[in-house]
Amino acid sequence: MTTTAIPSKPWEKSNKDRVRDFSFIIFAIAFSYAFVGVTEMKGKLAYAFMFFVAYAVLVSGFGFLTRGAPAAKDAFVKTLVAVGSVLTLIPIASIVFTVVRNGLPGLKLNLFTQDMSLAAPTDPLTNGGLLHAITGTLTLVALALAMSVPIGILTALYLTEVKGKFSGPIRFLVQAMSGVPSIVAGLFILSAVLYPITKNYSALMGAMALTILMIPTVARASEEVLLLIPDDLREAGTALGGTQWRTVAMIVVPAARSGLLTAVILGIARIAGETAPLLLVSGGGDKVNPNPFSGSVGSLPFYVWKSFNAGTDESLARAWSGLLVLMILILIFFIAARALSTRKVSK
Amino acid sequence: MIQTPESEKEMSTAAQPSSLASVANAKPARTQPTQATGTGLEARGIHAWFGKNHVLADVSLEFAAGSVTALIGPSGCGKSTFIRTLNRMHEFIPGAAMAGEVLLDGKDVYAPGIDVTKIRLQVGMVFQKPNPFPSMTIGENVLSGLKLAQLKVADKNELLESCLVRAGLWNEVKDRLGAHGGSLSGGQQQRLCIARALAVSPEVLLMDEPCSALDPGSTLRIEETIRELSDSMTIIIVTHNMQQAARVSDYTAFFLSDGGPGEMIEVARTSEIFSQPKDQRTENYVTGRFG
Chain A
5 MTTTAIPSKP
15 WEKSNKDRVR
25 DFSFIIFAIA
35 FSYAFVGVTE
45 MKGKLAYAFM
55 FFVAYAVLVS
65 GFGFLTRGAP
75 AAKDAFVKTL
85 VAVGSVLTLI
95 PIASIVFTVV
105 RNGLPGLKLN
115 LFTQDMSLAA
125 PTDPLTNGGL
135 LHAITGTLTL
145 VALALAMSVP
155 IGILTALYLT
165 EVKGKFSGPI
175 RFLVQAMSGV
185 PSIVAGLFIL
195 SAVLYPITKN
205 YSALMGAMAL
215 TILMIPTVAR
225 ASEEVLLLIP
235 DDLREAGTAL
245 GGTQWRTVAM
255 IVVPAARSGL
265 LTAVILGIAR
275 IAGETAPLLL
285 VSGGGDKVNP
295 NPFSGSVGSL
305 PFYVWKSFNA
315 GTDESLARAW
325 SGLLVLMILI
335 LIFFIAARAL
345 STRKVSK
Chain B
33 MIQTPESEKE
43 MSTAAQPSSL
53 ASVANAKPAR
63 TQPTQATGTG
73 LEARGIHAWF
83 GKNHVLADVS
93 LEFAAGSVTA
103 LIGPSGCGKS
113 TFIRTLNRMH
123 EFIPGAAMAG
133 EVLLDGKDVY
143 APGIDVTKIR
153 LQVGMVFQKP
163 NPFPSMTIGE
173 NVLSGLKLAQ
183 LKVADKNELL
193 ESCLVRAGLW
203 NEVKDRLGAH
213 GGSLSGGQQQ
223 RLCIARALAV
233 SPEVLLMDEP
243 CSALDPGSTL
253 RIEETIRELS
263 DSMTIIIVTH
273 NMQQAARVSD
283 YTAFFLSDGG
293 PGEMIEVART
303 SEIFSQPKDQ
313 RTENYVTGRF
323 G
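Those sequence lines, one after another, are chains A and B. Here the working numbering runs 4 ahead of the position in the first sequence, where the first position is 1. Here the working numbering runs 32 ahead of the position in the second sequence, where the first position is 1.
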């Protein structure tokens, strides 16, 4: 004879516990209203602040009464952590909400099929679009990728595989470079390449400035990934008679492939919304420019900046739509990064 | 043709002082190498350092072609360091230094101008932890040595099969050579690593505790593999398992470190080490009365 066991989770909250926790929240809300009403305090912030104070006091007081001082501290710190995460979420949620609310009305089909070369800032939203900005941003990103990915990954390989004499200084410089203000990268290209040599705005100039910003991101992320590859594999490759180059190319890099891809996409996300250097060296034209090596080129951040400056109702709506498109583009990059990095290597 | 060395015949009638010795004698006689595989490997006066730490002092050992030599001794006595000096993997550890000579077919592998990748092709290695290449399939793993060293073979499929057969893995993986190496069990992965080492046809195979992470069944399979391979190559195996040393090896060397650098205390036929060791310390170790 067997007794049937019912699966249960004794460690989870009972209904009684839930009611108690909920009553704490209700009580804290009631207290915050009462307190703010009685005293001189005013505004939403006062309510929120008093709510958190009351809730923290309640849960830690309850913890103290039932299980003593350590439980009280535990409950108090838990409340603090919750406050921290809520405070972090508020600005993000607010930004996304504002951009979506203001950007959605301008999101029309012609936005993706026309450029602004024949549209004035006062034209209605059905006229003109940001095709030039989208193609410009994609061109800039593609050129920056072509330059920064080889340099960034080779730098990471130098730091993790070659481990040469200059690893220390190079690692320090790469870290320092990731803190370079983006306007400095733009000024550098402006004064070192654009004025003395090309004397013309172009997507290439913009991409070169972005490359300076992207290299440290790619190099550092790639270095982290390559450090995760176990030394066992390097030893196994070498013990089979491979030179260092062949071991790295055939074993280390393929093993790190998905991580390196993530490093590249993080680099793209770093530069796709970059504005300051493009203001200096890309020109920011209103027409689709098919030649990446000559002539001014638009880009999404530039377009947003320009439209806000134009100041008319229509151009403001365009700017918000441009922001929305840019955010969606970066979101796509991030989702792709997550998908690629978590995907199992399979064949 | 099966030859039983005289010493083993005598041993079987002699009184046995320890249970381990009976394990050694229970070992069926190994077939002797059918063909000469070069003049073997010789280490002369090997010292090794990590930074200022002297870990190995004056080890001289000869490994006859086609023999299996087991290196036993407590942890930290320099066995692994020693075999890593034999195929020049020692130099990969930052701060490593060494002294002495390693002669492979009479030529010093540390001589200036030697192509170190060629040395590692002749002296293969199997590591303690199975480490198949994660980005490659089972088949690609076995043949990876050819690609790494840019060797050419006439028939890759034949080589693939023969290596897997010799490593005792063929029957288990022949239908899924395109699967990933990581999908195999630990014991299978280790045999895959052995197959991978065999594909470049080394003269010497170094095995650094190849069974320490495996269950008894897989261990047995690998021991069978070792004994089959010993017909065609020289094998040096580091092991903490004395029964294993007794089962697979012709010769056993005992290493010990008493606080200072590790030393090679004694080397002899395996049956002698386990039944009539000359050194008291060896006897203490093999009979479990150590420390």
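Here a beta-carbon is modelled for each residue, glycine too, at the ideal position from N, C-alpha and C.
Beta-carbon of B:Ala-181 versus every beta-carbon of chain A: anything under 8 Å? For the purposes of this step, residue 181 of chain B is taken as residue 149 along the second sequence, with counting starting at 1. For B:Ala-181, the answer is yes, since a Cβ of chain A falls inside 8 Å of its Cβ.
DSSP-derived helix/strand/coil call for B:Tyr-283: For the purposes of this step, residue 283 of chain B is taken as residue 251 along the second sequence, with counting starting at 1. Strand at B:Tyr-283.
Within-8 Å CB hit, B:Leu-153 to chain A: Your numbering for residue 153 of chain B matches position 121 in the second sequence. So, interface residue.
Which one of B:Ser-107, B:Val-91, B:Phe-159, B:Ala-102 has the shortest CA to CA distance from B:Met-130? Locating residue 130 of chain B in the second sequence gives position 98, where the first residue counts as 1. Check the Cα spacing between B:Met-130 and each of B:Ser-107, B:Val-91, B:Phe-159, B:Ala-102: the tightest is with B:Val-91.
Contact set for B:Ile-269: own chain, Cβ-Cβ below 6 Å, skip 5 residues either direction: Indexing the second sequence from 1 puts residue 269 of chain B at position 237. Cβ neighbours of B:Ile-269 within its own chain (closer than 6 Å, five residues either side excluded): Ala-102, Met-239.
Residue environment, A:Ile-10, which counts as buried when at least 16 other CB atoms sit within 10 Å: Here residue 10 of chain A corresponds to residue number 6 of the first sequence, with the count starting at 1. Exposed, since its Cβ has fewer than 16 Cβ neighbours within 10 Å.
By the criterion of Cβ-Cβ separation under 7 Å, what are the contact partners of B:Arg-259 in chain A? The residue you call residue 259 of chain B lines up with position 227 of the second sequence. Per Cβ cutoff of 7 Å: no residues; B:Arg-259 is ~22 Å from chain A at best.
Using a threshold of 8 Å, state whether the C-beta atoms of A:Leu-142 and A:Asp-119 are closer than that. Translated into positions along the first sequence, residue 142 of chain A becomes position 138. Translated into positions along the first sequence, residue 119 of chain A becomes position 115. The Cβ atoms of A:Leu-142 and A:Asp-119 lie no closer than 8 Å to each other.
What do you get for A:Gly-88, buried or exposed, if any count of 16 or more other CB atoms within 10 angstroms of its CB means buried? Walking along the first sequence from the start, residue 88 of chain A turns up at place 84. Per the 10 Å Cβ criterion, exposed.
Cβ-based neighbour list, B:Val-236, same chain, cut-off 6 Å, excluding 5 preceding and 5 following: Start at 1 with the first residue of the second sequence, and residue 236 of chain B comes out as number 204. Correct list, in chain order: Leu-73, Val-155, Thr-266.
Is there contact between the segment 273–287 of chain A and the segment 177–195 of chain A, where contact requires at least three CB pairs shorter than 8 Å? Output reads yes: the segment 177–195 of chain A touches the segment 273–287 of chain A.
May I have the straight-line CA-CA distance separating B:Asp-311 from B:Pro-126, to the nearest angstrom? On the second sequence, position 279 is the one that residue 311 of chain B refers to. On the second sequence, position 94 is the one that residue 126 of chain B refers to. Cα-Cα distance, rounded: 35 Å.
Which residue wins for smallest C-alpha separation from B:Leu-230, given the options B:Leu-192, B:Lys-150, B:Asn-273? Against the second sequence, residue 230 of chain B aligns to sequence position 198. Closest option to B:Leu-230, Cα to Cα, is B:Leu-192.
In whole angstroms, what is the alpha-carbon distance linking A:Thr-247 and B:Gly-210? Taking the first sequence and counting its residues from 1, the one referred to as residue 247 of chain A is at position 243. Taking the second sequence and counting its residues from 1, the one referred to as residue 210 of chain B is at position 178. Cα-Cα distance, rounded: 26 Å.
Can you find a CB in chain E that lies within less than 8 Å of the CB of A:Glu-239? No chain E is part of this structure, whose protein chains are labelled A and B.
Of all Cβ atoms in chain A, is any one closer than 8 Å to the Cβ of B:Phe-114? Position 82 of the second sequence holds residue 114 of chain B. Taking CB atoms only, B:Phe-114 has no neighbour in chain A less than 8 Å away.
Complete runs of the alpha helix (DSSP H) confined to the segment 241–284 of chain A [at least 4 residues]: Fully enclosed alpha helix (DSSP H) runs of 4 or longer: 248–251, 261–276.
Identify whether A:Val-61 lies in helix, strand or coil by the three-state DSSP scheme. Against the first sequence, residue 61 of chain A aligns to sequence position 57. It is helical.
Between which two residues does the beta strand (DSSP E) holding B:Trp-81 run? Locating residue 81 of chain B in the second sequence gives position 49, where the first residue counts as 1. Segment 73–82, the beta strand (DSSP E) holding B:Trp-81.
Could you tell me whether the Cβ of B:Val-174 comes closer than 8 Å to any Cβ of chain A? The residue given as residue 174 of chain B occupies position 142 in the second sequence. It does not; no Cβ of chain A falls within 8 Å.
Taking the CB atoms as reference points, tell me whether A:Val-40 and A:Ala-50 lie closer together than 8 Å. Locating residue 40 of chain A in the first sequence gives position 36, counting from the first residue. Locating residue 50 of chain A in the first sequence gives position 46, counting from the first residue. A Cβ-Cβ contact shorter than 8 Å links A:Val-40 with A:Ala-50.
Starting from the C-beta of A:Val-42, find all residues in its chain whose C-beta is less than 6 Å away, skip the five residues before and the five after it, and write them out in chain order. Against the first sequence, residue 42 of chain A aligns to sequence position 38. Counting only Cβ-Cβ distances below 6 Å, and skipping sequence neighbours, we find nothing.
Closer than 8 Å, CB to CB, is B:Arg-15 near chain A or not? Since the first and last residues shown for chain B are 33 and 323, residue 15 of chain B lies out of range.
Start-to-end residues for the alpha helix (DSSP H) that takes in B:Ala-128: For the purposes of this step, residue 128 of chain B is taken as the residue at position 96 of the second sequence. Counting along the chain, B:Ala-128 falls outside any alpha helix (DSSP H), though it belongs to the beta strand (DSSP E) covering 128–136.
Report yes or no: is there a C-beta of chain B within less than 8 Å of the C-beta of A:Ala-341? Walking along the first sequence from the start, residue 341 of chain A turns up at place 337. Not closer than 8 Å to any Cβ of chain B, the Cβ of A:Ala-341 fails to qualify, so no.
Among the candidates B:Glu-256, B:Gly-138, B:Val-100, B:Leu-288, whose CA atom is the shortest distance from the CA of B:Pro-106? The count along the second sequence starts at 1 and reaches residue 106 of chain B at position 74. Measuring C-alpha to C-alpha distances from B:Pro-106 to each of B:Glu-256, B:Gly-138, B:Val-100, B:Leu-288 identifies B:Leu-288 as the nearest.
Of all the residues that make up the segment 263–278 of chain A, which are near chain B by a beta-carbon distance shorter than 9 Å? Going along the segment 263–278 of chain A in chain order, one finds no residue with a Cβ nearer than 9 Å to chain B.
Give the DSSP-derived three-state secondary structure of B:His-212 in the structure shown. By one-based count along the second sequence, residue 212 of chain B stands at place 180. Three-state DSSP puts B:His-212 in a strand.
For A:Ile-233 and B:Asn-163, what's the separation of their Cα atoms in angstroms? Stepping through the first sequence from its first residue, residue 233 of chain A is reached at position 229. Stepping through the second sequence from its first residue, residue 163 of chain B is reached at position 131. Those two C-alpha atoms are separated by around 12 Å.
If you check the beta carbons only, do A:Leu-358 and A:Ala-160 fall under 8 Å apart? Nothing can be reported for residue 358 of chain A, as the shown portion of chain A is limited to 5 through 351.
Could you tell me if the beta carbon of B:Gly-214 falls within a distance shorter than 7 Å of some heavy atom in the ligand FAD? The model depicted lacks the ligand FAD and carries no ligand whatsoever.
With a 10 Å radius around its C-beta and 16 neighbouring C-beta atoms as the bar for buried, classify A:Asp-21 as buried or exposed. By 1-based counting over the first sequence, the position of residue 21 of chain A is 17. Under this definition A:Asp-21 is an exposed residue.
Assigned exposure category for A:Trp-249 - 16 Cβ within 10 Å defines buried: Mapped onto the first sequence, residue 249 of chain A falls at position 245. The residue is exposed, with fewer than 16 neighbouring Cβ atoms inside 10 Å.
Inter-stretch contact (C-beta, 8 Å, three-pair minimum) for the segment 145–152 of chain B and the segment 196–204 of chain B: With a cut-off of 8 Å on Cβ pairs, the segment 145–152 of chain B is not in contact with the segment 196–204 of chain B, counting fewer than three such pairs.
Along chain A, which residues have their Cβ under 8 Å away from the Cβ of B:Val-232? Against the second sequence, residue 232 of chain B aligns to sequence position 200. By Cβ distance, chain A contributes Leu-244, Gly-245.
For a test of the three-state rule: what should DSSP assign to A:Met-212, helix, strand or coil? Reading the first sequence from its first residue, position 208 is the one you call residue 212 of chain A. Helix, per DSSP.
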